[in-house]
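Participant: I'd like to ask you about the structure that follows.
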């Protein structure tokens, strides 16, 4: 690359040259030069800037050489001049092609440091581009293109500072092509410079040609104008803005630093950048705050527009302007949160007026200006002026500070600190019902965002500082494992009325104590007891205020727990089933109050209350009796019983004599099995017990159950009788005669011994018919009749109809005595034969 420099100039000569504006008339463009896009005007400071640096071989190397270090120093000086102005920067370098050495970052804090590091470490030392050569097209292409080549969003309403020391010798975007004319290379670059300048991008391009004046490099001015604008200067005088020139031509690299400083000053000269900080950051740190109204005023005699003019915001008549600190940025080009920027353009009369700048904030009711270590801090980037800091003066609803003797080349970067108004708070714990102590509970108050929180044990007696005028949420942390064991009461505060667990303490109110009482949960247990014990009858209960009011059932010996419930009044009622009486309800605590079949209990904090429901089985009265038909046996010869299954066997009737006349108490609605002991032989009990109610107001009950079972209604009197009958048989006596007499001449008889004589009978021998006799009783058979006859033995046989085919049944007959079995029908016959005399013939 061809390059000429002007050497031999002293530093004082360079400074003197910068004191005056040198506007160089532009040579007319050739007929083949494309019409360039106009260079847009910028509104002022606080915009995105792209610094495009020539890194071709003409800038002496290796790293550490004079010219490379001068470029680095100039780039850093340019950034220093824009520091803390809400501006951002991206850095591109080019040679045969181009490369980005730093993505866009804010020119403040860590962003400023990162940009400086990129310049120091990557300028002329970056990989990824073609070297050597000078390719303007690639440089402007990379500046204009979106990511990944360029950036998203693409640059708009910003400033491009294009720094070069030579003429273009290459073309192509990401390639390095040659073999064309210098004008061709320039025309190719103009395609992308015009793209940058044309709406809606509307970026202004300042071309800085180091030593490229017409004497040293003929045609260079026109080429720089082709990619920027027509106005060419050799230096930028104080008071001139970035909109007053397009091309800046410093003599050589030794002048580059001052040249770029002047570019920064022309962009941000008269800039006032305010950052509003409040102690709303983490742990009380100061963080940018949006929405604060800030006013900047010029005082000390300087008048608008004679001595200055507000260009941001535009105001050509007032000495003050106002704006609001910015919210959280949405787009990369938005100003940082908490900042506001003003900018004025001083006239030549500015310094003679010795003006001051007054910065005023409208106070927020929740904040006071910080007093320690200072309320504001102002620096003057790009100058040697010592930073100024101090306290704000409060006046009415505002607070302000003044910066005196502000010269035309100075700009302000200030931070204003406000501290949230404070109050004091104490949270106390009360524990009812034991289980834990106040000192085991952690009490907390949490405000919005990064508001200082309160966290102390429940017995803490000291007040802690919190923010005033903001809502805090009061809470507590139970000891491990105890959270579900307590019910929290309402928060009560002595100087402020809380809303639930929320409290806002107004400024000026201090030492507020808030207390909350936690009551240990109690327990209500319902226990079922029956008399007799062991009953399987389910009993239904209706709770109120616990168990979700859902009914439950219990049997004897079972119990139901409410679980952990809040202290308070609860009830439970029993649905008493038929046949039972709710005899008693007893509770071991809780001041029970019985109301019919229900009980109301006050469950104290931390107390288990057990209520026992005792039910007794209702009873009735039963009498067992025996009746005897036939024979000589008496009712008392039999023992009668009534037995129920467990657990209702405690009132069984056990072996009462059959002549019993008394009632015995038995359980109602319980089935009793009736029985009798073995009694005298030859008796048969009836098929059923006959049970009859003895209550005149009850309907008479017939035979019940299967014949040997009975149950009674509550309170009923009932008599159950069983009839035992003497076993019988039938006997017929028949006379047969072998002789002249008639059978009726004989009387036949069957006679039993006492006491079973009532069925003894006799009949004529010829008129025999079946007569009932006692089974199992021995009868003596006899006859009376005429003499002269001899009786045979009695012959007895069963009636033919009583003998089953093939059946052989013995008859108990021994001599003239017979014993019949139950149900036998026996005919006994005796034959009398006429006695014959003897005739003796003597021969």
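Residue numbers (the working numbering): 3 to 845. Backbone N, C-alpha and C fix where the C-beta goes; we use that ideal spot for every residue, glycine too.
Is the beta carbon of residue 750 closer than 8 Å to that of residue 764?
Facilitator: Yes. Within cutoff.
Participant: Which of the three DSSP states is assigned to residue 836 in this structure?
Facilitator: Note: residue 836 maps to strand in three-state DSSP.
Participant: Flag this pair as touching only if the stretch 371 to 390 and the stretch 316 to 324 have three or more C-beta atom pairs under 8 Å; answer yes or no.
Facilitator: As far as the Cβ criterion goes, the stretch 371 to 390 does not touch the stretch 316 to 324, which means the pair count is below three.
Participant: Under a three-way DSSP split, which group does residue 391 fall into?
Facilitator: It is a strand residue.
Participant: How is the beta strand (DSSP E) around residue 211 delimited, first residue to last?
Facilitator: Residues 206 to 211.
Participant: For residue 436, list the residues DSSP reports as bridge partners.
Facilitator: Its beta-bridge partners do not exist; DSSP assigns none.
Participant: Kindly indicate which residue of 186, 664, 128, 844 has the alpha-carbon position closest to the one of residue 35.
Facilitator: Among 186, 664, 128, 844, the Cα nearest to that of residue 35 belongs to 186.
Participant: Please report how far the alpha carbon of residue 534 lies from the alpha carbon of residue 578, in whole angstroms.
Facilitator: Cα to Cα, the separation comes out at about 16 Å.
Participant: Counting along the chain, where does the alpha helix (DSSP H) carrying residue 68 start and finish?
Facilitator: Per DSSP, residue 68 belongs to the alpha helix (DSSP H) from 68 to 84.
Participant: Taking contact to mean at least 3 C-beta pairs separated by less than 8 Å, is the stretch 210 to 219 in contact with the stretch 171 to 189?
Facilitator: No contact exists between the stretch 210 to 219 and the stretch 171 to 189.
Participant: Report the three-state DSSP secondary structure of residue 225 (helix, strand or coil).
Facilitator: Three-state result, residue 225: helix.
Participant: DSSP state of residue 256, grouped into three classes?
Facilitator: Correct three-state label for residue 256: helix.
Participant: Would you mind working out which of 781, 240, 211, 237 sits nearest residue 229, comparing C-alpha positions?
Facilitator: Closest option to residue 229, Cα to Cα, is 211.
Participant: Assess, as a yes-or-no matter, whether the stretch 352 to 370 is touched by the stretch 302 to 316 under the definition of 3 or more beta carbon pairs within less than 8 Å.
Facilitator: Yes, since at least three Cβ pairs between the stretch 302 to 316 and the stretch 352 to 370 fall closer than 8 Å, the two stretches touch.
Participant: Let me know if residue 558 comes out buried or exposed under the rule of 16 or more other beta-carbons within 10 Å of its beta-carbon.
Facilitator: Counting Cβ neighbours within 10 Å, residue 558 comes out buried, since at least 16 surround it.
Participant: Got a sec? Which residues, its chain only, sit under 6 Å from residue 273 by beta carbon, not counting five neighbours each side?
Facilitator: These residues qualify, in order along the chain: 47, 87, 345, 413.
Participant: How big is the Cα-Cα spacing for residue 409 and residue 387?
Facilitator: Distance between the alpha carbons of residue 409 and residue 387 is about 10 Å.
Participant: Let me confirm a value: residue 92 is counted as buried when at least 16 other C-beta atoms fall within 10 Å, else exposed. Which label applies?
Facilitator: With 16 or more other Cβ atoms within 10 Å, it is buried.
Participant: Per DSSP, what kind of secondary structure is residue 458 in: helix, strand or coil?
Facilitator: In this structure, residue 458 counts as strand in the three-state DSSP scheme.
Participant: Out of 168, 415, 365, point me to the one whose CA is closest to residue 402's CA.
Facilitator: Comparing Cα-Cα distances from residue 402 to each of 168, 415, 365, the minimum goes to 365.
Participant: Report the option in 693, 715, 627, 664 whose CA atom is closest to the CA atom of residue 620.
Facilitator: Answer by Cα proximity: 715.
Participant: Determine, using beta carbons only, whether residue 51 and residue 61 come nearer to each other than 8 Å.
Facilitator: Cβ distance not < 8 Å, so residue 51 and residue 61 don't count as in contact.
Participant: Using a Cβ-Cβ cutoff of less than 7 Å, which residues in the same chain neighbour residue 82 once the five nearest sequence positions on both sides are dropped?
Facilitator: 383, 384.
Participant: Here's the rule I'm using: 16 or more other beta-carbon atoms within 10 Å means buried, otherwise exposed. How should residue 69 be labelled?
Facilitator: The residue in question, residue 69, is buried, as its Cβ has 16 or more Cβ neighbours within 10 Å.
Participant: Once the 5 residues before and after residue 851 are set aside, which same chain residues still bring their CB inside 8 Å of it?
Facilitator: Because the chain spans 3 through 845 in this model, residue 851 falls outside it and cannot be assessed.
Participant: When the Cα atoms are used, what is the spatial distance from residue 549 to residue 564?
Facilitator: Roughly 6 Å between the two C-alpha positions.
Participant: What would DSSP say about residue 582, mapped onto helix, strand or coil?
Facilitator: Strand at residue 582.
Participant: Since residue 741 and residue 781 are thought to touch, with beta carbons under 8 Å apart, how far apart are those beta carbons, to the nearest angstrom?
Facilitator: Contact doesn't hold; Cβ gap of about 27 Å is too wide.
Participant: So who's on the other strand from residue 490, going by DSSP bridges?
Facilitator: Looking at the DSSP assignment, residue 490 forms a beta bridge with 520.
Participant: Is residue 17 helix, strand or coil when you go by DSSP?
Facilitator: At residue 17, the pLDDT of 28 sits below 50, so the modelled position is not reliable and the matter cannot be decided from this model.
Participant: Short of 6 Å in beta carbon distance, which residues of its chain neighbour residue 448, apart from the five on each side in sequence? Order them along the chain.
Facilitator: Hits under 6 Å: 455, 475.
Participant: So the candidates are 611, 498, 222, 485; which of them puts its Cα closest to the Cα of residue 520?
Facilitator: Of the candidates 611, 498, 222, 485, the one whose C-alpha sits nearest the C-alpha of residue 520 is 485.
Participant: Measure from the alpha carbon of residue 140 to the alpha carbon of each residue in 688, 174, 53, 603, then state which is nearest.
Facilitator: Per the Cα distances, 174.
Participant: Considering only the alpha carbon of each residue, which of 231, 79, 206, 515 lies closest to residue 118?
Facilitator: Out of 231, 79, 206, 515, 79 has the C-alpha closest to the C-alpha of residue 118.
Participant: When the Cα atoms are used, what is the spatial distance from residue 286 to residue 453?
Facilitator: If I take the Cα positions, the gap works out to 7 Å.
Participant: Could you spell out where the beta strand (DSSP E) holding residue 718 opens and where it closes?
Facilitator: Counting along the chain, residue 718 falls outside any beta strand (DSSP E), and DSSP gives it neither H nor E.
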